[in-house]
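There are 2 protein chains.
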Amino acid sequence: MGTTQLESVQEPKYWHLKTVLSEALDSDFAVGEILPNERELAARFGVARATLRQALEQLELEGRLQRRRGVGTTVAPPRVGVAVSTAQHDWTGGADEAWQPIGCTTATAPAPVLAMLDVESDEPVHIVRRIRVTQGQPVAAELLYVPSASVPELSAIESSPSAARARSVVRELHRLGLDGQDRSVELGSARADDAKELDRLPGAPVLVVTTRYLAAGGTAAVSVATYRADTCRLTFGDSGDLEISHPGQERHAS
Amino acid sequence: MGTTQLESVQEPKYWHLKTVLSEALDSDFAVGEILPNERELAARFGVARATLRQALEQLELEGRLQRRRGVGTTVAPPRVGVAVSTAQHDWTGGADEAWQPIGCTTATAPAPVLAMLDVESDEPVHIVRRIRVTQGQPVAAELLYVPSASVPELSAIESSPSAARARSVVRELHRLGLDGQDRSVELGSARADDAKELDRLPGAPVLVVTTRYLAAGGTAAVSVATYRADTCRLTFGDSGDLEISHPGQERHAS
DNA sequence: TAGTGGTCTAGACCACCGT
DNA sequence: CGGTGGTCTAGACCACTAA
Numbered sequence: 001m002g003t004t005q006l007e008s009v010q011e012p013k014y015w016h017l018k019t020v021l022s023e024a025l026d027s028d029f030a031v032g033e034i035l036p037n038e039r040e041l042a043a044r045f046g047v048a049r050a051t052l053r054q055a056l057e058q059l060e061l062e063g064r065l066q067r068r069r070g071v072g073t074t075v076a077p078p079r080v081g082v083a084v085s086t087a088q089h090d091w092t093g094g095a096d097e098a099w100q101p102i103g104c105t106t107a108t109a110p111a112p113v114l115a116m117l118d119v120e121s122d123e124p125v126h127i128v129r130r131i132r133v134t135q136g137q138p139v140a141a142e143l144l145y146v147p148s149a150s151v152p153e154l155s156a157i158e159s160s161p162s163a164a165r166a167r168s169v170v171r172e173l174h175r176l177g178l179d180g181q182d183r184s185v186e187l188g189s190a191r192a193d194d195a196k197e198l199d200r201l202p203g204a205p206v207l208v209v210t211t212r213y214l215a216a217g218g219t220a221a222v223s224v225a226t227y228r229a230d231t232c233r234l235t236f237g238d239s240g241d242l243e244i245s246h247p248g249q250e251r252h253a254s
Numbered sequence: 001m002g003t004t005q006l007e008s009v010q011e012p013k014y015w016h017l018k019t020v021l022s023e024a025l026d027s028d029f030a031v032g033e034i035l036p037n038e039r040e041l042a043a044r045f046g047v048a049r050a051t052l053r054q055a056l057e058q059l060e061l062e063g064r065l066q067r068r069r070g071v072g073t074t075v076a077p078p079r080v081g082v083a084v085s086t087a088q089h090d091w092t093g094g095a096d097e098a099w100q101p102i103g104c105t106t107a108t109a110p111a112p113v114l115a116m117l118d119v120e121s122d123e124p125v126h127i128v129r130r131i132r133v134t135q136g137q138p139v140a141a142e143l144l145y146v147p148s149a150s151v152p153e154l155s156a157i158e159s160s161p162s163a164a165r166a167r168s169v170v171r172e173l174h175r176l177g178l179d180g181q182d183r184s185v186e187l188g189s190a191r192a193d194d195a196k197e198l199d200r201l202p203g204a205p206v207l208v209v210t211t212r213y214l215a216a217g218g219t220a221a222v223s224v225a226t227y228r229a230d231t232c233r234l235t236f237g238d239s240g241d242l243e244i245s246h247p248g249q250e251r252h253a254s
């Protein structure tokens, strides 16, 4: 009769811990503040460190915490909204929020990408490496696969430096007007090279945005961009191709 | 001199394990096949079970494996592409791929949702619960927040059954033509109730799609949909509002 | 060098599923 | 019931950062 939910102790410890910590973050901590270290937190809650870590991992996954080896655990700022639509493809460099070409190689594309490109399996394509920086922080690393056919004017300058050739490829790509673009988003884990660019450890959760750029009835290029899942909120502006506003830039815990 | 990368053994065991397993999955296993259990796999690779589990978790995160308590670990099929755009909002029920209204309550919206709605903090809104099913599998659970002002014709029938009222709200919502929709995607972990609908454990990784439906110059409704991150690939059709095709329905390991 | 988070171990018990 | 994955423990050592 009087038993108010005495049976529901089936809840795992780490899950309960996560809830408690989450509420503490809302009320007792400011953004950027550093938490006590894991060993102390574990002792304070009377659990093993592995259990405490399971809770912290969840909170980091949700973008509430940020952990750095050798430093500590800090309260993360709200996720930054990054626009993923309306031809950011048109900006090459410089601006405060833009893609920065890093380098360019020529090789055959991996199978999943090949399936989206209109090229032969053994035909090498340009692979441009770009980094997206927002508010001083790297948020995404991209591989842009561009068939030679899409940038016919690029034959002679093969021996130019990698970063310069990257810019050339992107510039040439601009000359093709885009007819549209297919896009998909899925969860992934950062490869070693992506992790390095994103200042994360390998295996960190990322949002993989695959974009197929359509031009002249075919696939002009394919982009595979990996966004930091802990710090990013991808925004899409479907409002009738109007100017995209910056919707939820400010959002706080409540 | 002749040392070819002898120093790079800094790679964590679980990371190397993941790579080895991933390649084994590509070559030696078919979709749906069950793997040896964790204790045996750990023994076979000469690592602790916790380490083996770390590798399996990564592979599950990437949608390569599916694990079910009491059953075992199976090879997952390729992720299913689910369209997240172009008014699926217009289908109420029945079709093979659609939202199924489950129930409806009336309460005040949580703070983040409130910030997107044009209502007072204490004003209750309709909260419609819907499930999205694709190919017989539940892929998403949604909470649709609808201010009373958006569905003015709905006053009298308060006492109808929950599922019926859910359908009514959605039907009424259709009468407003949509002017557009803002959408964002971020990583989250499944709440207990969502996890139940999605046939997953609480905390499972999900893609949270937040949509703001615009009508008559204001926000007509806000949808918060949580998609299973392990089985779903969200697709967006930006190709000039054309008919959306079903792009990567077939993709295999290579 | 001291302190942090990241990795790893070798166990134990529990919740769940099918038989 | 036996077997599976899920949770939890109490340690140990390592890689990294900053003072």
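Those protein sequence lines, which keep their order, are chains A and B.
Start counting the first sequence at 1; every next residue gets the next number (the UniProt record's numbering).
Start counting the second sequence at 1; every next residue gets the next number (the UniProt record's numbering).
C-beta atoms are modelled at their ideal positions from N, C-alpha and C, and glycine is treated no differently.
- Closer than 8 angstroms to the CB of T226(B) there is not a single CB belonging to chain A.
- A distance below 8 angstroms separates the beta carbons of E186(B) and V208(B).
- The beta-carbon separation of R165(B) and C104(B), rounded to 4 angstroms, stays under the 8 angstroms limit for a contact.
- The continuous alpha helix (DSSP H) containing E23(A) extends over residues 13 to 28.
- Restricting attention to S85(B), V224(B), R228(B), the CA atom closest to the CA of A204(B) is found in R228(B).
- Taken in chain order, the unbroken stretches of alpha helix (DSSP H) that lie wholly in the stretch 151 to 230 of chain A and span 4 residues or more are 162 to 175, 192 to 197.
- A contact between stretches requires three or more CB pairs, one per stretch, nearer than 8 angstroms, and the stretch 191 to 203 of chain B fails this requirement with the stretch 167 to 186 of chain A.
- With respect to L65(B), A76(B) sits close: the two C-beta atoms are nearer than 8 angstroms.
- Per DSSP, reduced to three states, the secondary structure at A141(B) is strand.
- For D28(B) and T106(B), the gap between their C-alpha atoms comes out near 52 angstroms.
- Taking C-beta atoms as the reference points, V113(B) and V128(B) fail to come closer than 8 angstroms.
- Contacts between L234(B) and chain A, judged by CB atoms closer than 8 angstroms, involve S184, V185, E186 in chain order.
- Interface annotation, A43(A): not in contact with chain B, CB-CB separation never under 8 angstroms.
- Proximity of S27(B) to chain A, defined by a Cβ-Cβ separation below 8 angstroms, is not satisfied.
- Judged by DSSP in its simplified three-state form, L234(B) adopts strand.
- Considering only beta carbons, the part of the stretch 189 to 210 of chain B lying closer than 8 angstroms to chain A consists of S189, P202, G203, P205, L207, in chain order.
- For R171(B), the closest Cβ of chain A is not nearer than 8 angstroms.
- Sixteen is the threshold: since fewer than 16 other Cβ atoms of the shown chains lie within 10 Å of the Cβ of D193(B), the residue is exposed.
- Residue environment: P101(B) is assigned as buried (16 or more neighbouring CB atoms within 10 Å of its CB, all protein chains considered).
- Boundaries of the alpha helix (DSSP H) around P112(B): 111 to 114.
- The beta carbon of T73(A) is closer than 8 angstroms to those of I34, L35, N37, E38, L56, L65, Q66, R67 in its chain, skipping five residues each way along the sequence.
- Rounded to the nearest whole angstrom, the CA to CA distance from A111(A) to E123(A) is 12 angstroms.
- Rounded to whole angstroms, the gap between the alpha carbons of T226(A) and R130(A) is 11 angstroms.
- The shortest CA-to-CA distance from P138(A) to any of V31(A), D230(A), G237(A), L176(A) is the one to D230(A).
- For a Cβ distance threshold of 8 angstroms, residue set L187, G188, S189 of chain A lies close to E62(B), ordered along the chain.
- Interface flag for R79(B) against chain A is set, since a Cβ pair is found closer than 8 angstroms.
- In this structure, DSSP gives L35(A) a state outside helix and strand, which the three-state scheme calls coil.
- Distance between F45(B) and E23(B), taken at the CA atoms: about 15 angstroms.
- In the DSSP assignment, Q100(A) falls within the unbroken beta strand (DSSP E) covering 98 to 107.
- With fewer than 16 other Cβ atoms inside 10 Å of its own Cβ, A43(A) counts as exposed.
- Under DSSP, the beta-bridge partners assigned to V128(B) are C104(B), L144(B).
- DSSP links L117(A) through a beta bridge to no other residue.
- Neighbours of G218(A) in chain B, taken as residues whose beta carbon is under 9 angstroms from its own, are absent, since the nearest beta carbon is some 13 angstroms off.
- The criterion of a C-beta distance shorter than 8 angstroms is not satisfied by V206(B) and T134(B).
- The beta carbon of W99(B) does not come within 8 angstroms of any beta carbon belonging to chain A, so the residue lies off that interface.
- Contact between H126(A) and S162(A) does not hold, since the beta-carbon distance rounds to 11 angstroms and is not under 8 angstroms.
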